[in-house]
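Some notes on the structure that comes next.
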Amino acid sequence: MNRKWNPNSEKCQRVVGVVAKSLPMAAMALAVVLAFDGDAAAQTSCTNLSGPPGLAYTLRDWRLIDDGDLPQTYAWAGNGDALQIQVDDGASMNLGPNEMQITLVTSLSSQKEISGWNSFSGYMPSKFIATPGPFDGQITPPDGTWRLSMRIMKGTCSETANTIVFLKAEFLGILQPVYYLDPNNFWTLWGGKSVMFTWISDAGINTP
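Numbering-wise (my numbering), the sequence shown opens with residue 815 and increments by one.
See below:
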């Protein structure tokens, strides 16, 4: 026996009410799922490489030393190189938490470079500082010491320097990556800071 559906019946009105109440919750659930998928896709799209080249260097947590007072200076040695690291507050440079000032200081004659590294595209051509190579023909500073600086940032996927890579001239004067800084704590510890790296010795040879 067929029954006709009466849109004005009490039963029909109850069904319509339940469906109407359910729609906002379903839409909200769908929005959450889509947002989660979008975040996951964005994170995945920002990581395309296995990792920076060279040996990893774990950062020292300056917040746990000297009551977190800055500046702080400490030494770092590895693979025949010796560097001095100075971490300073970037307030005087108006650095925001997503900015960092990187400075390279060295008197060594062999070429040195610090390059920004993006986890998706690798080396950042617009974010590097380097002393001249053997055929660059640049004039050495009067005091014999190079002081080079750059400002890097944490922004969109393609703009972020997730860490920095240290390179030095090796066989035939060709630059090779030797170290990189821990990307997991790079911005956590040094965001908004001015960090100076003084490259003191290379492969056990003292500064000339």
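Glycine included, C-beta positions come from ideal geometry on N, C-alpha and C. From a predicted model like this one, the values you see are computed outputs, not experimental measurements.
Do you know how far the Cα of residue 1009 is from the Cα of residue 1003?
As a working mapping, residue 1003 is identified with position 189 in the sequence shown. As a working mapping, residue 1009 is identified with position 195 in the sequence shown. One C-alpha to the other measures close to 11 angstroms.
With DSSP as the reference, label residue 936 as helix, strand or coil.
Residue 936 sits at position 122 when you count from the first residue of the sequence shown. Residue 936 falls in the strand class under three-state DSSP.
Specify whether the segment 885-898 and the segment 908-915 touch according to this definition: at least 3 beta carbon pairs, one from each stretch, less than 8 angstroms apart.
no
State the start and end residues of the unbroken beta strand (DSSP E) segment that holds residue 997.
Position 183 of the sequence shown, counted from the first residue, corresponds to residue 997. Not the beta strand (DSSP E): residue 997 falls in the alpha helix (DSSP H), residues 997-1004.
Once DSSP output is grouped into helix, strand and coil, what is the label at residue 1015?
Counting from 1 along the sequence shown, the entry for residue 1015 is found at position 201. Three-state DSSP puts residue 1015 in a strand.
Identify, in the order they occur along the chain, each residue of the same chain with its Cβ nearer than 7 angstroms to the Cβ of residue 955, setting aside the five sequence neighbours on each side.
Indexing the sequence shown from 1 puts residue 955 at position 141. Scanning its chain for C-beta atoms nearer than 7 angstroms, with the 5 sequence neighbours on each side dropped, one finds no residue around residue 955.
Would you list the residues sitting across from residue 944 in a DSSP beta bridge?
Position 130 of the sequence shown, counted from the first residue, corresponds to residue 944. Residue 944 is bridged to 927.
Could you give the residue range of the beta strand (DSSP E) that holds residue 967?
The count along the sequence shown starts at 1 and reaches residue 967 at position 153. Run containing residue 967: 960-967, per the beta strand (DSSP E) assignment.
Just tell me which of 985, 945, 980 has its CA closest to the CA of residue 776.
Only positions 815 to 1022 of the chain appear in this structure, which leaves residue 776 out of reach.
Taking its Cβ as the centre, do 16 or more other Cβ atoms sit within 10 Å of residue 925, making it buried, or is it exposed?
Taking the sequence shown and counting its residues from 1, one reaches residue 925 at position 111. So residue 925 ends up on the buried side.
Let's see if you can read the secondary structure: which residues bound the beta strand (DSSP E) around residue 869?
Your numbering for residue 869 matches position 55 in the sequence shown. Run containing residue 869: 869-871, per the beta strand (DSSP E) assignment.
Between which two residues does the beta strand (DSSP E) holding residue 892 run?
Taking the sequence shown and counting its residues from 1, the one referred to as residue 892 is at position 78. Residues 886-892.
Sequence-distant residues of the same chain with beta carbon closer than 6 angstroms to residue 999, five excluded per side:
Position 185 of the sequence shown, counted from the first residue, corresponds to residue 999. So the list reads 873, once near-sequence residues are dropped.
Does the distance from the C-beta atom of residue 1007 to that of residue 901 stay below 7 angstroms?
In the sequence shown, residue 1007 corresponds to position 193, counting from 1. In the sequence shown, residue 901 corresponds to position 87, counting from 1. Going by C-beta atoms, residue 1007 is nearer than 7 angstroms to residue 901.
Extent of the continuous beta strand (DSSP E) to which residue 983 belongs:
Along the sequence shown, one-based indexing puts residue 983 at 169. 977-983 is the span of the beta strand (DSSP E), which, as asked, contains residue 983.
Just how far apart, CA to CA, sit residue 871 and residue 961?
Counting from one through the sequence shown, the residue named residue 871 turns up at place 57. Counting from one through the sequence shown, the residue named residue 961 turns up at place 147. So the alpha carbons of these two residues sit roughly 23 angstroms apart.
Which listed residue (921, 938, 913) has its alpha carbon closest to that of residue 928
For this step, residue 928 is matched to residue 114 along the sequence shown. Among 921, 938, 913, the Cα nearest to that of residue 928 is on 938.
Note down, in chain order, each residue of its chain lying with its Cβ closer than 6 angstroms to the Cβ of residue 917, except the 5 sequence neighbours on either side.
As a working mapping, residue 917 is identified with position 103 in the sequence shown. Cβ neighbours of residue 917 beyond the five flanking positions: 963, 1010.
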